[in-house]
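Student:
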Amino acid sequence: SKERLRDSVNYLRFAQTEGGGWASYEPSRGPKWLEQLNPSNVFGDIMIDYPYVECTAASILALRRFQEAFPGECDAQIESAIHRGKQYLLAQQREDGSFEGSWGICFTYGTWFGIEGLKAAGLPLNAEPIQRALDFLVGKQLPDGGWGETAASCYTRNYVHAESGQAVMTSWALLGLIQGGRGNSEAVRKGAAFLITRQNEDGSFPRERKTTLVGPNEHPTVELESLIGSLSLAQHVIPRVGSLRLIRTWA
106 SKERLRDSVN YLRFAQTEGG GWASYEPSRG PKWLEQLNPS NVFGDIMIDY
156 PYVECTAASI LALRRFQEAF PGECDAQIES AIHRGKQYLL AQQREDGSFE
206 GSWGICFTYG TWFGIEGLKA AGLPLNAEPI QRALDFLVGK QLPDGGWGET
256 AASCYTRNYV HAESGQAVMT SWALLGLIQG GRGNSEAVRK GAAFLITRQN
306 EDGSFPRERK TTLVGPNEHP TVELESLIGS LSLAQHVIPR VGSLRLIRTW
356 A
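So for the sequence shown, the working numbering puts the first residue at 106; every next one is plus one.
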């Protein structure tokens with residue numbers, strides 16, 4: 106209902122951090138020195154919740170969707186929150202145009218969200234930050250037409266190519282490029298063709314490299330959603346890109 110959606114908007118406004126970004130479940134509310142009390146021998150930076158590119162982009166998009174559905178409802182507060190979120194995203198963009206992701210590996214994932222977040226925040230597609238992000242993705246496309254990035258990117262905090270294209274990461278790059286206005290580009294044509302060739306006869310896609318550092322690839326539904334979404338969008342912008350077989354299994 107509208108009332109429940111308004112409650113969600115109010116929560117997002119509450120959860121926005123002082124720096125304009127959004128963390129995973131609450132505003133950051135503790136000093137950095139709390140990390141010295143971290144009892145884990147495995148995970149770093151877990152004592153307080155930090156803002157993330159992905160969470161910020163998703164929150165901006167949610168606020169914008171509410172505003173579009175209910176014009177005039179909380180407009181001033183929503184615009185203020187979106188503006189602060191946009192400033193956070195712009196501050197996170199690297200010199201090479203990329204955004205560092207935290208919930209997926211790594212710059213491919215983060216840059217997709219960065220593009221969508223800036224677009225939802227009102228930046229025109231020809232704006233320099235969006236164009237730099239798009240150029241970054243195009244520059245990382247592999248000769249086979251796909252995109253592939255290894256977990257080493259998360260450790261080194263620099264893009265590390267996989268030996269070949271990976272289906273899920275290719276879908277992330279395609280989603281970013283299409284949402285950024287380059288759906289009819291040669292890079293997207295090659296990426297869509299790569300995905301089609303990677304699909305198995307039963308409609309599934311092969312398991313490949315890890316796509317997240319949270320654990321093993323235990324999010325097949327999310328991965329599958331990215332794959333279907335990217336090919337679906339590609340079919341709308343590229344005539345005769347190829348048909349997507351019904352996916353019956355995901356073993």
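Where a beta carbon is used, it is the ideal one built from N, C-alpha and C, also for glycine.
Express the C-alpha separation of Asp-307 and Leu-195 in angstroms, rounding to a whole number.
Tutor: Distance between the alpha carbons of Leu-195 and Asp-307 is about 42 Å.
Student: Assuming Ala-296 contacts Leu-280 (C-beta within less than 8 Å), just tell me the rounded distance between them.
Tutor: This sequence places Gly at residue 296; Ala is not what is there. Not quite, the Cβ-Cβ distance comes to about 10 Å (not below 8 Å), so this is no contact.
Student: With a threshold of 7 Å on Cβ separation, who are the neighbours of Ala-174 within its own chain once the five nearest residues in sequence on each side are excluded?
Tutor: Nothing meets the Cβ criterion.
Student: By alpha-carbon positions, which one of Ala-292, Tyr-116, Lys-137, Thr-275 ends up nearest to Gln-304?
Tutor: Considering only alpha carbons, the answer is Thr-275.
Student: Rounded C-beta distance between Gly-202 and Thr-161? I'm assuming under 8 Å.
Tutor: Between Thr-161 and Gly-202 the Cβ distance is about 17 Å, and since that is not below 8 Å, they are no contact.
Student: Looking only at its own chain, which residues have a Cβ that is under 7 Å from the Cβ of Asp-249, when we skip the five neighbours before and after it?
Tutor: Once the five neighbours on either side are set aside, the close Cβ partners of Asp-249 are Ser-269, Gly-270, Phe-299.
Student: Within this structure, are the beta carbons of Val-114 and Leu-166 separated by less than 9 Å?
Tutor: No; because the gap between Cβ atoms is not below 9 Å, this pair is not in contact.
Student: Should Glu-123 go down as buried or exposed, given a rule of 16 or more other Cβ atoms within 10 Å for buried?
Tutor: So Glu-123 ends up on the exposed side.
Student: Buried or exposed: which applies to Gln-198, given that a residue is buried once 16 or more other Cβ atoms fall within 10 Å of its Cβ?
Tutor: Burial call: buried.
Student: From this set, Ser-106, Val-293, Ala-267, Leu-282, which residue's C-alpha is nearest Glu-313's C-alpha?
Tutor: Minimum Cα distance to Glu-313 is reached at Ala-267.
Student: Quick check for students: name the residue ranges of the beta strand (DSSP E) that lie wholly in the segment 117–183, counting only runs of 3 or more.
Tutor: Counting only runs of 3 or more, we get nothing.
Student: Whole alpha helix (DSSP H) runs in the segment 223–299 with 4 or more residues, listed along the chain?
Tutor: Taking only runs of at least 4 residues, the alpha helix (DSSP H) segments lying wholly in the segment 223–299 are 233–244, 257–261, 272–284.
Student: Between the alpha carbons of Cys-259 and Val-158, how many angstroms are there, rounded?
Tutor: Those two C-alpha atoms are separated by around 14 Å.
Student: According to the neighbour-count rule (16 or more other Cβ atoms, all chains shown, within 10 Å of its Cβ), is Gln-246 buried or exposed?
Tutor: So Gln-246 ends up on the buried side.
Student: Do Phe-204 and Gly-215 have their beta-carbon atoms positioned less than 9 Å apart in this structure?
Tutor: Their beta carbons are under 9 Å apart, which means Gly-215 touches Phe-204 by this criterion.
Student: Less than 9 Å separating the beta-carbons of Trp-208 and Thr-317?
Tutor: For Trp-208 and Thr-317, yes; Cβs fall inside 9 Å.
Student: Within 10 angstroms of the Cβ of Arg-350, are there 16 or more other Cβ atoms? Answer buried if so, exposed if not.
Tutor: A caution first: Arg-350 carries a pLDDT of 49, below 50, which makes its placement in the model unreliable, though a value can still be read off. That one is exposed.
Student: Within a Cβ cutoff of 6 Å, which residues of the same chain sit near Glu-221, ignoring the five residues on either side of it in sequence?
Tutor: These residues qualify, in order along the chain: Ala-162, Gln-284.
Student: Of all the options Pro-229, Gly-244, Ala-225, Phe-148, which has the alpha carbon lying nearest to the alpha carbon of Ala-186?
Tutor: The shortest C-alpha separation from Ala-186 is found at Ala-225.
Student: Could you tell me if Asp-154 is buried or exposed, where buried requires 16 or more neighbouring beta carbons within 10 angstroms of its beta carbon?
Tutor: Buried, by the Cβ-count rule.
Student: So which of Ala-272, Gly-219, Arg-111, Leu-230 has the shortest CA-CA distance to Gln-192?
Tutor: The residue with the shortest Cα to Cα distance from Gln-192 is Gly-219.
Student: Figure out for me which residue from Lys-107, Gln-172, Pro-144, Asn-263 has the closest Cα to the Cα of Cys-211.
Tutor: Nearest of Lys-107, Gln-172, Pro-144, Asn-263 to Cys-211, Cα basis: Asn-263.
Student: Can you tell me whether DSSP reads Gly-190 as helix, strand or coil?
Tutor: The answer is helix: DSSP assigns Gly-190 an H, G or I state.
Student: Tell me the DSSP secondary structure of Asn-305 in three-state form.
Tutor: Coil at Asn-305, not helix or strand.
Student: Quick check on DSSP: helix, strand or coil for Gly-219?
Tutor: Residue state, collapsed to three classes: helix.
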